[in-house]
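S.K.: Below is the structure I would like to discuss, written out as structure tokens.
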Amino acid sequence: MSVTRNTKNVPYYLLGFGAFAQLGGLVQARRKAVQGPALFFIDHFFHNTEHLGTLPAESDDSVFFVDVSREPAVEYVDALADKSREALAGRAPCCIVGIGGGATLDVAKAVGNLLTNPGKAEDYQGWELVKNPAPYKIGVPTLFGTGAECSRTCVLTNQRRKLKLGMNSDFTMYDQLLLDPALSRTVPREQFFFTGMDTYMHCFESVRGSYRNVIVDHLSESALSLCREIFLGPEDMMSEANLERMAVASYLGGMAAGNVGVVHPISAGLSIVLHLPHGKANCYALSVLEEIYPEEYAAFTAMLSRHSIDLPKGICEKLTEEQYEALYAGSIVHEKPLTNALGPAFRDILTKERLIAKFKSM
Ligand code: NAD
Ligand code: ZN
Numbered sequence: 000m001s002v003t004r005n006t007k008n009v010p011y012y013l014l015g016f017g018a019f020a021q022l023g024g025l026v027q028a029r030r031k032a033v034q035g036p037a038l039f040f041i042d043h044f045f046h047n048t049e050h051l052g053t054l055p056a057e058s059d060d061s062v063f064f065v066d067v068s069r070e071p072a073v074e075y076v077d078a079l080a081d082k083s084r085e086a087l088a089g090r091a092p093c094c095i096v097g098i099g100g101g102a103t104l105d106v107a108k109a110v111g112n113l114l115t116n117p118g119k120a121e122d123y124q125g126w127e128l129v130k131n132p133a134p135y136k137i138g139v140p141t142l143f144g145t146g147a148e149c150s151r152t153c154v155l156t157n158q159r160r161k162l163k164l165g166m167n168s169d170f171t172m173y174d175q176l177l178l179d180p181a182l183s184r185t186v187p188r189e190q191f192f193f194t195g196m197d198t199y200m201h202c203f204e205s206v207r208g209s210y211r212n213v214i215v216d217h218l219s220e221s222a223l224s225l226c227r228e229i230f231l232g233p234e235d236m237m238s239e240a241n242l243e244r245m246a247v248a249s250y251l252g253g254m255a256a257g258n259v260g261v262v263h264p265i266s267a268g269l270s271i272v273l274h275l276p277h278g279k280a281n282c283y284a285l286s287v288l289e290e291i292y293p294e295e296y297a298a299f300t301a302m303l304s305r306h307s308i309d310l311p312k313g314i315c316e317k318l319t320e321e322q323y324e325a326l327y328a329g330s331i332v333h334e335k336p337l338t339n340a341l342g343p344a345f346r347d348i349l350t351k352e353r354l355i356a357k358f359k360s361m
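For the sequence shown, the residue numbers in numbering that gives the first Met the number 0 are 0 to 361.
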């Protein structure tokens with residue numbers, strides 16, 4: 000096996016029910032290290048609710064509630080970065096705290112990069128484009144599965160350029176994680192399933208691909224086995240033990256994510272054209288990929304039926320020719336994962352006709 004990329008992991012984590020109570024201590028340590036306010040980016044679900052517990056925010060800090068009703072767009076991140084700069088008034092923040100699902104965690108990561116790098120969010124969509132380290136970031140997931148808490152990217156949509164692409168950089172990563180499974184108790188069941196499935200997809204796409212790394216293989220296998228326990232085991236998928244398993248699976252899967260296969264490109268097409276949320280779009284993608292991933296497809300169908308999750312048919316019926324073209328273009332553009340899964344001749348396997356037929360069968 001060839002030598003792996005020089006790999007960074009998040010240096011610190013706290014894991015366990017009730018870990019959220021330690022956020023105050025973590026932020027306090029940052030206040031001692033850097034004289035400046037803290038910036039909190041919190042999923043809008045927690046606006047006006049007591050579900051979160053006490054937030055260690057002081058009067059000089061800023062709290063932004065992140066609207067995640069749509070996947071984060073570059074313009075939205077630019078606007079939040081402007082507001083953050085205004086609140087900071089020339090000072091450096093002592094830390095940025097992201098609290099929420101994958102979308103909020105990504106927004107906090109993206110704003111962090113923009114506070115130390117000039118220009119706009121879209122200038123950094125790609126690989127290794129971020130030049131200066133971001134401020135210190137603490138990540139607190141409230142919904143587990145994307146692995147956004149430990150990945151080196153933050154996925155942003157860009158309608159103008161018709162793409163969904165992150166700022167892939169070691170600077171995008173969190174410096175500290177607080178993994179408290181209790182925060183996910185309020186997640187609606189269907190959402191828990193769809194986001195949890197993201198770990199399943201990242202990990203099986205990775206082990207089924209040709210770009211391999213032996214550590215990633217082991218992380219993926221562990222996360223897959225946790226997913227099977229959660230979604231096919233005897234307990235309720237949201238039992239306390241399973242909430243913890245999901246937090247661990249998301250973390251391990253996040254460290255393993257990066258080399259996806261056919262599911263994610265098709266999912267990206269669906270998100271760009273139909274604005275389908277990521278986790279659900281992945282599920283629709285796998286629902287038409289039985290030929291490519293027969294074993295995973297079978298397990299996934301069992302999971303769907305075990306939890307009575309419905310994927311109503313017909314989401315791509317009666318679209319315009321232009322929309323079918325856009326679905327195809329938004330998927331086939333992801334050459335790296337498609338090559339990982341199908342080899343360099345992936346266009347001969349996933350021809351335009353075949354891919355559009357797959358969309359029509361969803
Ligand atoms: P999300 O962040 O979009 O949240 C989904 C819904 O769950 C929202 O309505 C939110 O308000 C709600 N929610 C979150 N926590 C809750 C809680 N504790 N109780 C009740 N409701 C809660 O969903 P997601 O699936 O976690 O994230 C999807 C996003 O993550 C997409 O934008 C996707 O592109 C991105 N993503 C990023 C990476 C990465 O490595 N950076 C990887 C995969 C996906
Ligand atoms: Zn994903």
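Just so you know, even glycine gets a beta-carbon here, dropped at the ideal spot from N, CA and C. In this text, all values refer to a predicted model and were calculated from it rather than measured experimentally.
Whose C-beta lies closer than 6 Å to the C-beta of residue 314 among residues of the same chain, with five residues either side of it excluded?
M.R.: Answer for residue 314: 361, listed in chain order.
S.K.: Can you tell me the Cα-Cα spacing of residue 87 and residue 79, whole angstroms?
M.R.: One C-alpha to the other measures close to 12 Å.
S.K.: Ordered along the chain, which non-local residues of its own chain (more than five positions away) have a Cβ less than 8 Å from that of residue 301?
M.R.: The residues are 231.
S.K.: Check whether the segment 125 to 142 touches the segment 23 to 37, taking contact to mean three or more Cβ pairs, one atom from each stretch, closer than 8 Å.
M.R.: Short answer: they touch.
S.K.: If you drop the 5 nearest sequence neighbours on each side, which residues of the same chain put their C-beta closer than 7 Å to that of residue 141?
M.R.: Here the set comprises 42, 98, 99, 100, 182, 183.
S.K.: How would you call residue 229, buried or exposed, if buried means at least 16 neighbouring beta carbons within 10 angstroms?
M.R.: Under this definition residue 229 is a buried residue.
S.K.: Residue 91 and residue 33: beta carbons closer than 7 Å?
M.R.: Taking 7 Å as the Cβ cut-off, residue 91 and residue 33 qualify as a contacting pair.
S.K.: Just checking: is the beta-carbon of residue 339 within a distance shorter than 7 Å of some beta-carbon in chain B?
M.R.: No chain B is present in this structure, which holds just one protein chain.
S.K.: Figure out for me which residue from 105, 296, 352, 72 has the closest Cα to the Cα of residue 121.
M.R.: Looking at the Cα atoms, 72 is the closest of the given residues.
S.K.: Quick one: measure Cβ to Cβ for residue 248 and residue 266, integer angstroms, because I've assumed they're closer than 8 Å.
M.R.: Not a contact, Cβ separation roughly 19 Å.
S.K.: Do residue 254 and residue 218 have their C-beta atoms closer together than 7 Å?
M.R.: For residue 254 and residue 218, yes; Cβs fall inside 7 Å.
S.K.: Would you give the residue range spanned by the beta strand (DSSP E) that residue 175 belongs to?
M.R.: Its beta strand (DSSP E) spans residues 175 to 178.
S.K.: For residue 190, which of 208, 236, 153, 178 has the nearest alpha-carbon?
M.R.: Minimum Cα distance to residue 190 is reached at 236.
S.K.: Is residue 116 buried or exposed, if buried means 16 or more other CB atoms sit within 10 Å of its CB?
M.R.: Buried: at least 16 other Cβ atoms inside 10 Å.
S.K.: Measuring from the CB of residue 44, is there a heavy atom of the ligand NAD at a distance below 6 Å?
M.R.: Yes, the Cβ of residue 44 comes within 6 Å of a heavy atom of the ligand NAD.
S.K.: Do you know offhand how far residue 259's Cα is from residue 58's?
M.R.: Looking at the two C-alpha atoms, the distance is approximately 43 Å.
S.K.: Is residue 197 near the ligand ZN, judged by its Cβ being under 6 Å from some heavy atom?
M.R.: Yes, the Cβ of residue 197 comes within 6 Å of a heavy atom of the ligand ZN.
S.K.: Out of curiosity, what's the CA-to-CA distance linking residue 319 and residue 243?
M.R.: Rounded to the nearest angstrom, the two C-alpha atoms are 44 Å apart.
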